[in-house]
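J.: What the sequence shown shows, in the numbering used here, is residues 353 to 543, in sequence order.
Glycine residues also receive a C-beta, built at the ideal position from the N, C-alpha and C atoms.
Here the structure is a predicted model, which means the values were calculated and not measured.
I am attaching a structure below and will ask some questions about it afterwards.
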Amino acid sequence: MCAEPRRRADVRRNEKALLDAAAAAFVAAGIDAPVRDIAARAGVGVGTVYRHFPSRADLVVAVYRHQVEACAAAGAEYLRTERSPYAALLRWVDDFVDFLATKHGLAGALSQAEGFAALHTYFLDRLVPVCAELLAAARASGEVVRPDVEALELMRAIGNLSIGAGEDSRYDARKMVGILTAGLTVAADDR
């Protein structure tokens with residue numbers, strides 16, 4: 353009986369290693385990165401990649417979902433570990449910018465894929481509540497965060513500021529998002 357749970361843990365570990373390796377390969381070489389490179393990064397054989405993800409589309413979708421889940425999980429973690437809810441929000445926003453930058457290549461491929469609308473809905477369903485929770489926690493803690501900014505608005509603004517970040521070395525999306533998030537705070541008498 354012990355062998356089955358261990359095997360499942362090994363399978364989960366291999367899958368996570370594959371998804372992390374594929375994400376890194378996609379950032380470095382685009383979504384057409386060779387499967388042998390992904391397998392080598394993950395420390396597994398090419399057959400293992402195909403056993404988990406029979407097609408490239410399966411792998412791309414799985415990487416996207418994996419990154420969404422990591423970004424979603426980070427919100428609660430940061431609320432537990434950061435010095436304040438506002439600091440947690442800022443750290444999560446930083447991760448969200450990274451997520452948007454790494455999914456840039458995926459977005460083009462995914463927009464061509466069947467079921468893209470469902471993936472976009474999945475993205476919103478998982479991440480908007482996390483951002484809303486972080487905003488609400490910052491406001492509830494007494495931190496002076498604008499009450500009129502909604503999670504979806506903030507995420508769209510961050511997304512718009514992140515477009516093309518990897519295509520023009522003169523543009524610093526992180527700097528622009530920093531200016532945006534600085535605007536989330538208001539003086540206590542302006543609330």
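1. Kindly indicate which residue of Leu536, Tyr416, Phe475 has the alpha-carbon position closest to the one of leucine 371.
2. Return the chain-ordered list of same chain residues with a C-beta closer than 8 Å to the C-beta of isoleucine 510, the five sequence neighbours on each side being excluded.
3. According to the Cβ coordinates, are alanine 391 and valine 401 closer than 9 Å?
4. Between arginine 388 and the rest of its own chain, which residues show a CB-CB distance below 8 Å, the 5 nearest in sequence each way excluded?
5. Taking all protein chains shown into account, decide if isoleucine 557 is buried (16 or more other Cβ within 10 angstroms of its Cβ) or exposed.
6. Determine whether the beta carbon atoms of leucine 513 and alanine 503 lie at a separation below 9 Å.
7. What is the residue span of the alpha helix (DSSP H) that threonine 533 lies within?
8. Could you tell me how far apart the beta carbons of arginine 393 and alanine 377 are, in whole angstroms, since I believe they sit closer than 8 Å?
T.: By the coordinates alone:
1. It is Tyr416.
2. In its chain, beyond the 5 residues on either side, Val445, Phe448, Val449, Leu452, Val529, Leu532 have a beta carbon closer than 8 Å to the beta carbon of isoleucine 510.
3. Yes, they are a contact pair.
4. Excluding positions up to five away in sequence, the list reads Val398.
5. There is simply no residue 557 to check, as the chain begins at 353 and stops at 543 in what is shown.
6. Against a cut-off of 9 Å, the Cβ pair of alanine 503 and leucine 513 comes out as no contact.
7. Per DSSP, threonine 533 belongs to the alpha helix (DSSP H) from 525-534.
8. That belief holds up - the Cβ atoms of arginine 393 and alanine 377 are roughly 6 Å apart, short of 8 Å.
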